[in-house]
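K.L.:
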Amino acid sequence: MPDASSWLFSHASALGARVQEAWDAVHRDEKALPDIAFDALGRFDPPAFRLDDVSRFLLTTKTPQPAAARVFSDMPVNVYRGDGFYVEVLIWVDGTTSIHQHAFSGAFRVLHGSSLHSVYQFEEKRRINSRTRLGRVTCTGMRYLKRGDRHRIRSGPGGLAHALFHLERPSVTLVVRTDNDPDANPQLTLHPPALALDPRTSDRLEEALRRWVTVLDLLGEPVEMAGPLVDRIFDLDFGRFARFALAYPDFAARLDARTPWERALGAPGAGRRRLDARFGQKEAGVLMRAILEQQRCESLRRTRGDVTDPELRFFLALLLNGRSRDQVFAALRDRRASDDPARFCSEALLRLAGLAGDPERPDIGERSPWLRKLHEIVTSLGGDARAVARRVVTGSFPKDRPTPGAGAAAAGKAASALAALPALRALSGD
Numbered sequence: 003m004p005d006a007s008s009w010l011f012s013h014a015s016a017l018g019a020r021v022q023e024a025w026d027a028v029h030r031d032e033k034a035l036p037d038i039a040f041d042a043l044g045r046f047d048p049p050a051f052r053l054d055d056v057s058r059f060l061l062t063t064k065t066p067q068p069a070a071a072r073v074f075s076d077m078p079v080n081v082y083r084g085d086g087f088y089v090e091v092l093i094w095v096d097g098t099t100s101i102h103q104h105a106f107s108g109a110f111r112v113l114h115g116s117s118l119h120s121v122y123q124f125e126e127k128r129r130i131n132s133r134t135r136l137g138r139v140t141c142t143g144m145r146y147l148k149r150g151d152r153h154r155i156r157s158g159p160g161g162l163a164h165a166l167f168h169l170e171r172p173s174v175t176l177v178v179r180t181d182n183d184p185d186a187n188p189q190l191t192l193h194p195p196a197l198a199l200d201p202r203t204s205d206r207l208e209e210a211l212r213r214w215v216t217v218l219d220l221l222g223e224p225v226e227m228a229g230p231l232v233d234r235i236f237d238l239d240f241g242r243f244a245r246f247a248l249a250y251p252d253f254a255a256r257l258d259a260r261t262p263w264e265r266a267l268g269a270p271g272a273g274r275r276r277l278d279a280r281f282g283q284k285e286a287g288v289l290m291r292a293i294l295e296q297q298r299c300e301s302l303r304r305t306r307g308d309v310t311d312p313e314l315r316f317f318l319a320l321l322l323n324g325r326s327r328d329q330v331f332a333a334l335r336d337r338r339a340s341d342d343p344a345r346f347c348s349e350a351l352l353r354l355a356g357l358a359g360d361p362e363r364p365d366i367g368e369r370s371p372w373l374r375k376l377h378e379i380v381t382s383l384g385g386d387a388r389a390v391a392r393r394v395v396t397g398s399f400p401k402d403r404p405t406p407g408a409g410a411a412a413a414g415k416a417a418s419a420l421a422a423l424p425a426l427r428a429l430s431g432d
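So for the sequence shown, our numbering puts the first residue at 3; every next one is plus one.
1) Please check the pair L318 and T305, which I expect to be a contact at CB under 8 Å, by giving their CB distance rounded to whole angstroms.
2) Report the three-state DSSP secondary structure of S157 (helix, strand or coil).
3) Is the separation between the beta-carbon of R20 and that of A34 shorter than 8 Å?
4) Beta strand (DSSP E) containing P78: first to last residue?
5) Excluding five sequence neighbours on each side, which residues of the same chain lie with their C-beta closer than 6 Å to the C-beta of G158?
6) With burial defined as no fewer than 16 other Cβ atoms inside 10 Å of the residue's Cβ, what is the status of Q283: buried or exposed?
7) My understanding is that A421 touches S430, with C-beta atoms under 8 Å, so please give their C-beta distance in whole angstroms.
8) Which residue's Cα is closest to the Cα of A24: D252, V81, F87?
9) With a Cβ-Cβ cutoff of 8 Å, do F106 and T175 count as a contact?
10) Hey, P36 and G108 are a contact pair by Cβ (cut 8 Å); roughly how many whole angstroms apart?
11) So is G407 buried or exposed if we call it buried at 16+ other beta carbons inside 10 Å?
12) Exposed or buried, D200, counting other C-beta atoms within 10 Å across all chains shown (16 or more means buried)?
13) Could you work out which residue in V395, H377, F243, E313 is closest to H168 when comparing CA atoms only?
14) Which one or two residues does DSSP pair with G137 in a beta bridge?
15) At which residues does the alpha helix (DSSP H) containing E295 begin and terminate?
16) So what's F106 in DSSP terms, helix, strand or just coil?
17) Go ahead and pull the three-state DSSP assignment for G115.
18) Which first and last residues belong to the alpha helix (DSSP H) in which E349 is found?
19) For S100, name the three-state secondary structure that DSSP assigns.
20) What's the gap between the Cα of F46 and the Cα of L113?
21) Below 8 Å, how does it come out for the segment 129-148 and the segment 188-195: are there three or more Cβ pairs, yes or no?
22) Tell me where the alpha helix (DSSP H) around R242 begins and ends.
23) Short of 6 Å in beta carbon distance, which residues of its chain neighbour L351, apart from the five on each side in sequence? Order them along the chain.
24) Can you find at least 3 beta carbon pairs, one from the segment 73-93 and one from the segment 48-60, that sit closer than 8 Å?
25) Buried or exposed: which applies to D2, given that a residue is buried once 16 or more other Cβ atoms fall within 10 Å of its Cβ?
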């Protein structure tokens, strides 16, 4: 039996050698690597993953490890370096990937844990510049990935665009990939419903503005400092403005709200009018919708940090990535054919509501305001909570006609309030 500390190296070396031989035979064509890596990963049979084995490997290996600026996942570990490609282990604890295209080719396999894998498509409508595009972002499907499952990574705009929500802590992925495909840059991040951006900060001004906002947050956002900051933000071109706004969606959303920040902007609604004047109403609308969606996603990610139960984490993954009730239910059936999707979702809602009311975790509502609102609505329903929750997640609650009776009317109002929560958008659409 090989030494436990060497299993990563020995197995990765055999995997890498197999990939290298097959790739060299096709003259290292990047477009051929996804199929080659997919096949090699299918024949890869490592021992069960152990985190302490990784520690021992890192302390003894001479394989070059990624620089801090290129870290992807909570801990990436390079286990093999080939000629033009490498093999890495990505360890995720609470990480969730953005919706992203790829500037490299290859394939991945789940080594440990599981993930919800959401695949997207971007239909470009307008090119603003090489790093900024407008169009339509569509989720084409979601699949539950368990240990041993594989997926090809094809680069470029027509290749794989996806997001992964990792469920167990940790979840571990093995990736075989090229360093970079020159004809696939830039690697764009997709922001539903209609925006694609290169997320890399491009210059010192963006970095300075980000540091400025961080200091304002620490100081409690004094309004007298807001005016110069807002003026400088509006000097940015659309792509840089969008990158900044999506990095700080809570801050940026205030441009469209009646808050103390309006004093710096001059009048209620002035921020949005200024946005329209700077970029045009259509482009400003695309950006504001992307900011609000980013806010919704960030609230769900913050909630995920308070949740360790895999079932609830899976439900949060569905809320984060699902675009319709049909997609959510299909992903649940893919995970376990025996699941009753409506029952799973309604019970998960009630359990999440209970977390916000747990006296041993009084701060969870502060970190997840939508969870606190969910708790308030569910508590108001009393014994009707389970039935109302099921009717909401199935879309069977009457919305077009009044319901007779005071109790029924209260339940109807509560159901409408549930359906209106942005975090639950995937369950309120078809």
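Ideal Cβ positions, reconstructed from N, Cα and C, are used throughout, including at glycine. A quick note: this is a predicted structure, and the numbers were derived from the prediction, not measured.
P.N.:
For this structure:
1) 6 Å between Cβ atoms; contact.
2) Residue state, collapsed to three classes: coil.
3) In this structure, A34 does not lie closer than 8 Å to R20 by Cβ.
4) Its beta strand (DSSP E) spans residues 77-83.
5) The residues are A186.
6) By the neighbour-count definition (other C-beta atoms within 10 Å, threshold 16), Q283 is an exposed residue.
7) Going by Cβ atoms, the distance from A421 to S430 rounds to 4 Å, so yes, they are a contact pair.
8) Considering only alpha carbons, the answer is F87.
9) No.
10) Distance from P36 to G108 at the Cβ level is roughly 6 Å; contact confirmed, criterion being Cβ atoms closer than 8 Å.
11) Here G407 scores only 46 on pLDDT, less than 50, and its place in the model should not be relied on; the value that follows carries that caveat. Around the beta carbon of G407, fewer than 16 other beta carbons sit within 10 angstroms, so the residue counts as exposed.
12) Buried, by the Cβ-count rule.
13) In terms of CA proximity to H168, E313 leads the group V395, H377, F243, E313.
14) The partner list for G137 (beta bridge, DSSP) reads E126.
15) First-last of the alpha helix (DSSP H) with E295: 283-306.
16) Note: F106 maps to coil in three-state DSSP.
17) Three-state result, G115: coil.
18) Segment 343-358, the alpha helix (DSSP H) holding E349.
19) Coil.
20) Just so you know, the alpha carbons of F46 and L113 end up roughly 10 Å apart.
21) With the cut-off at 8 Å, the segment 129-148 and the segment 188-195 touch.
22) Element bounds for R242: 240-249.
23) When the five nearest sequence neighbours on each side are left out, the beta carbons in the same chain lying within less than 6 Å of the beta carbon of L351 are those of A391, in order along the chain.
24) Output reads yes: the segment 48-60 touches the segment 73-93.
25) Lying before the first or after the last residue shown, residue 2 is absent from the chain, which here runs from 3 to 432.
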